[in-house]
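J.:
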Amino acid sequence: MEVHIFFLPLLAPGHMLPMLDMARLFADRGVRATMVTTPANATLLLPTIDRSGPNLNLLTIPFSSAVAGLPDGVENLTAFPIPDVTPAFIKALDLLEPPFRRLLDDHHPDCIISDIAYTWSSDIAADFGIPRLVFQGMGFLSLIITGVLSNFKTHEAVAGDDEPFVVPMIPHEIKLTRSQLPTYVSNPDGNIEKMAEAQRRSYGMVMNSFYELEAEYVEFLKSAWRTRVWLVGPVSLRNQDLLDQAARGSEAPAPTVSDHCLNWLDSKEPGSVLYVCFGSMGRFTSTQLHEMASGLQASGHPFIWVVKSSGESTPTVDGEKGLVINGWAPQVLILSHPAVGGFMTHCGWNSSMEGVTAGVPMITWPLFAEQFFNEKLIVDVLRIGVSAGLKRSCMEAEERGVVGGEEIEMAVKRLMGGDEEAMERKKRAKEMAEKAKMAVSEGGSSYRDISALIEELVEFKKNKAEENK
Ligand code: UDP
Numbered sequence: 001m002e003v004h005i006f007f008l009p010l011l012a013p014g015h016m017l018p019m020l021d022m023a024r025l026f027a028d029r030g031v032r033a034t035m036v037t038t039p040a041n042a043t044l045l046l047p048t049i050d051r052s053g054p055n056l057n058l059l060t061i062p063f064s065s066a067v068a069g070l071p072d073g074v075e076n077l078t079a080f081p082i083p084d085v086t087p088a089f090i091k092a093l094d095l096l097e098p099p100f101r102r103l104l105d106d107h108h109p110d111c112i113i114s115d116i117a118y119t120w121s122s123d124i125a126a127d128f129g130i131p132r133l134v135f136q137g138m139g140f141l142s143l144i145i146t147g148v149l150s151n152f153k154t155h156e157a158v159a160g161d162d163e164p165f166v167v168p169m170i171p172h173e174i175k176l177t178r179s180q181l182p183t184y185v186s187n188p189d190g191n192i193e194k195m196a197e198a199q200r201r202s203y204g205m206v207m208n209s210f211y212e213l214e215a216e217y218v219e220f221l222k223s224a225w226r227t228r229v230w231l232v233g234p235v236s237l238r239n240q241d242l243l244d245q246a247a248r249g250s251e252a253p254a255p256t257v258s259d260h261c262l263n264w265l266d267s268k269e270p271g272s273v274l275y276v277c278f279g280s281m282g283r284f285t286s287t288q289l290h291e292m293a294s295g296l297q298a299s300g301h302p303f304i305w306v307v308k309s310s311g312e313s314t315p316t317v318d319g320e321k322g323l324v325i326n327g328w329a330p331q332v333l334i335l336s337h338p339a340v341g342g343f344m345t346h347c348g349w350n351s352s353m354e355g356v357t358a359g360v361p362m363i364t365w366p367l368f369a370e371q372f373f374n375e376k377l378i379v380d381v382l383r384i385g386v387s388a389g390l391k392r393s394c395m396e397a398e399e400r401g402v403v404g405g406e407e408i409e410m411a412v413k414r415l416m417g418g419d420e421e422a423m424e425r426k427k428r429a430k431e432m433a434e435k436a437k438m439a440v441s442e443g444g445s446s447y448r449d450i451s452a453l454i455e456e457l458v459e460f461k462k463n464k465a466e467e468n469k
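full-length UniProt numbering applies: residue 1 is where the sequence shown begins, and numbers increase by one.
#1: Could you tell me if Gly139 is buried or exposed, where buried requires 16 or more neighbouring beta carbons within 10 angstroms of its beta carbon?
#2: Taking DSSP as the reference, what is the three-state secondary structure of Thr314?
#3: For the alpha helix (DSSP H) holding Leu323, just list the boundary residues, first then last.
#4: Going by the C-beta, is Gly279 closer than 7 Å to any heavy atom of the ligand UDP?
#5: Kindly examine the ligand UDP and report whether one of its heavy atoms sits closer than 7 Å to the Cβ of Arg248.
#6: Might you give, ordered along the chain, the residues of its own chain that have their beta carbon closer than 6 Å to the beta carbon of Asn239, omitting 5 neighbours on each side?
#7: Comparing the CB of His337 with every heavy atom of the ligand UDP, is any distance shorter than 7 Å?
#8: Going by CA-CA distance only, name the one from Glu466, Met22, Leu262, Ala117 that's closest to Trp230.
#9: Under a Cβ-count criterion, where at least 16 other Cβ atoms within 10 Å of its own Cβ denotes burial, should Ile218 be classed as buried or exposed?
#10: Please confirm whether any heavy atom of the ligand UDP lies closer than 7 Å to the CB of Asn350.
#11: Use the C-beta contact count for Asn468: other C-beta atoms within 10 angstroms, 16 or more gives buried, fewer gives exposed.
#12: Assuming Val185 and Val167 are in contact, meaning their beta carbons sit under 8 Å apart, how far apart are those beta carbons, in whole angstroms?
#13: Quick one: using the 10 Å Cβ neighbour count with 16 as the cut-off for buried, is Ala397 buried or exposed?
#14: Considering Cα atoms alone, identify which of Val340, Thr345, Val85 is closest to Gly282.
#15: Thinking just about the alpha-carbon of each residue, which of Ala33, Glu456, Pro39, Pro366 is nearest to the one in His107?
#16: Comparing C-alpha positions only, which one of Gly348, Glu156, Gly129 sits nearest to Asn208?
#17: List the endpoints of the continuous alpha helix (DSSP H) containing Ala339.
#18: Ends of the alpha helix (DSSP H) at Val412?
#19: Helix, strand or coil for Met1, going by three-state DSSP, please let me know.
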C-alpha cells in the first residue's frame, strides 16, 4: 500500500532544504512525497524537484503578505535584514492554515511532516485522522540543552551574563554562559510553549541526525521525553550526483558558479582548502569582513569564502589565495570535493551535519539561535573542531564582538596544520563521516528508521481503512 506524505517546511533555506532532501529519501523508498510551500519559495525547491522522479511533487499555497503587514514577495526569513521570526512573520505563517487545510481536503495525504512552528498542523492532522510528525531542524544535543535549561533555569542562578555554568543532567560536561543562549531559552515567549504543546499532541519527531553521532543524547531524549523519534540523516547525503549538488537551493540552475568552484578546487591539493560559509543568513559588518579577509589570507591556506551581501562592499582578496563567492554557494558540492580539508562554519545544524558528513574538521563561529550548542557538540563532544572564540549570541551583526584577523589566522593554522592535535582531529572527522555514510546506506541506522516509519504509516493507513469500512 502506498503512503502519501505532505512535507511543510518553515520558510527559510535551513529548514526547506533538509526537508526537501528528506522528502526525496522517502520518495526513493516508494512514498509519494509532496512538498508544500508558498509561490516565492517554490523557486528554491524547483531546481531539485525538476530533477526528481514522479514520486516527488510540489504544491503551493498563497502567502498573505498584505494581511500580515509584510511587503509583497517577502516570504522567506532571508528577506529580513535581521533573521528574526517577527510577529508579522508568525502571523503570515498562521495564515497558511486555511489554504493548507484545503489542500488536505483535495489530496488526502496519509501523514504530515511539518516544522515545529506550524502548531496548527497538529489540529489539522487530528481533524483528518492522520499522524503529524514534527521536524525540529535541530540536533539532539541542542534539543536536550534547550529542554534542560528551560526546565531547570540553571542560567538564571549565575551572577553575570558571561559567567560560565555547567548544563545539568547531561552525559558530558558542557559549559555555557547566559550570553550564548538563544532568546527562546533566555527569554522565552508564549509562542515557545504553544509549539511544545502542539508537539506533545503530535505522533512523534523526525530528526536530521544519525544514531552514531549523538547516541547518548538520542537515548536521553527517548527516555526523558518519552517522545517517539525517527532519525533519518544526514539527509544532505541524498545529493550524491554533481548536478543534484549544484541544484540544491540555487534559485536557478547555477552551473556557472559550480563549474567555477570545481575548476578552482581541481587545481588545489587534496585536503588543502578551507571552506568558509555562515549559512543562509550570516551577515557581518564591514569591519569584521575586513578582519576575515586579512586573517584568511595571512593563514597561507587556500580558501573559498562565501559572503552574503548586505549592502557592505565585498572585501577584495588575492585570487590566487582565495575564491570569494558573493551570494549562494553550492555548499554540499564544495564540501564533497577532495581538495576541501576544513570548514569555517556558523554551526547552523545543517552546516554542522554537512561538515561531519564531509569528514572535515571545523572552525566554529556561532552567531545566534542554537548555534552555540552545536559548537559544543563539534568542539567538546565530537572533538572535531576549534572555536573561533565568539562569546555572545546575537542576531544583529553590529552588536557582535569582532574577531581580529590574527585570531582568525591562528585558528586556521591550528585547524589546517599538520601537528599531532590537528591530525587527530582530522582522523576523528573522517571516522565520523564514515559512520554518517553507513547510517544512510542500506541496512544502516537511518535507513532502518526510514523503513520502520514507512511500515508504521502503512499499518496506520490500513487500520484506518478497516475502521472506516
Ligand atoms: N547553503 C548553501 N549555500 C549557501 C548557504 C547555505 O547551500 O550559500 C545551505 C547549506 O548547505 C545548508 C543550509 O543552506 O543546508 C543552511 O542551513 P544551516 O542550518 O547550516 O544554517 P542557516 O542558514 O539555517 O542559518
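Ideal Cβ positions, reconstructed from N, Cα and C, are used throughout, including at glycine.
T.: Reading it off the structure:
#1: Taking the sequence shown and counting its residues from 1, one reaches residue 139 at position 139. By the neighbour-count rule (16 or more Cβ atoms within 10 Å), Gly139 is buried.
#2: Along the sequence shown, one-based indexing puts residue 314 at 314. Correct three-state label for Thr314: coil.
#3: For the purposes of this step, residue 323 is identified with residue 323 of the sequence shown, where counting begins at 1. Not the alpha helix (DSSP H): Leu323 falls in the beta strand (DSSP E), residues 322-326.
#4: As a position in the sequence shown, residue 279 is number 279, starting the count at 1. Yes, since a heavy atom of the ligand UDP falls inside the 7 Å radius drawn around the Cβ of Gly279.
#5: The sequence position of residue 248 within the sequence shown is 248, counting from 1. Within the cutoff, so yes.
#6: Taking the first residue of the sequence shown as position 1, residue 239 is located at position 239. Same-chain partners within the cutoff: Gln245, Arg248, Val332.
#7: Here residue 337 refers to the residue found at position 337 when the sequence shown is read from its first residue. Not a single heavy atom of the ligand UDP lies less than 7 Å from the C-beta of His337.
#8: The sequence position of residue 230 within the sequence shown is 230, counting from 1. Sorting Glu466, Met22, Leu262, Ala117 by C-alpha distance to the C-alpha of Trp230 places Met22 at the top.
#9: Taking the sequence shown and counting its residues from 1, one reaches residue 218 at position 218. Reading off the sequence shown, one finds Val at residue 218, where the question assumed Ile. Buried, by the Cβ-count rule.
#10: Taking the first residue of the sequence shown as 1, we reach residue 350 at position 350. The answer is yes for Asn350.
#11: Position 468 of the sequence shown, counting from 1, holds the residue named residue 468. The residue in question, Asn468, is exposed, as its Cβ has fewer than 16 Cβ neighbours within 10 Å.
#12: Against the sequence shown, residue 185 aligns to sequence position 185. Against the sequence shown, residue 167 aligns to sequence position 167. Contact flag wrong, Cβ pair sits at about 11 Å.
#13: As a working note, residue 397 is residue 397 in the sequence shown. With 16 or more other CB atoms across the displayed protein chains lying within 10 angstroms of its CB, Ala397 is buried.
#14: Locating residue 282 in the sequence shown gives position 282, counting from the first residue. With distances taken between CA atoms, Gly282 lies nearest to Thr345 out of Val340, Thr345, Val85.
#15: Position 107 of the sequence shown, counting from 1, holds the residue named residue 107. Of the listed residues, the one whose Cα sits closest to His107 is Ala33.
#16: Along the sequence shown, read from residue 1 onward, the residue named residue 208 stands at position 208. Ranked by Cα distance from Asn208, the first of Gly348, Glu156, Gly129 is Gly348.
#17: As a working note, residue 339 is residue 339 in the sequence shown. For Ala339, there is no enclosing alpha helix (DSSP H), as DSSP gives it neither H nor E.
#18: On the sequence shown, residue 412 is found 412 positions in, with the first residue counted as 1. Taken as a continuous stretch (DSSP letters only), the alpha helix (DSSP H) holding Val412 covers 405-416.
#19: Taking the sequence shown and counting its residues from 1, one reaches residue 1 at position 1. Reduced to three states, the DSSP call for Met1 is coil.
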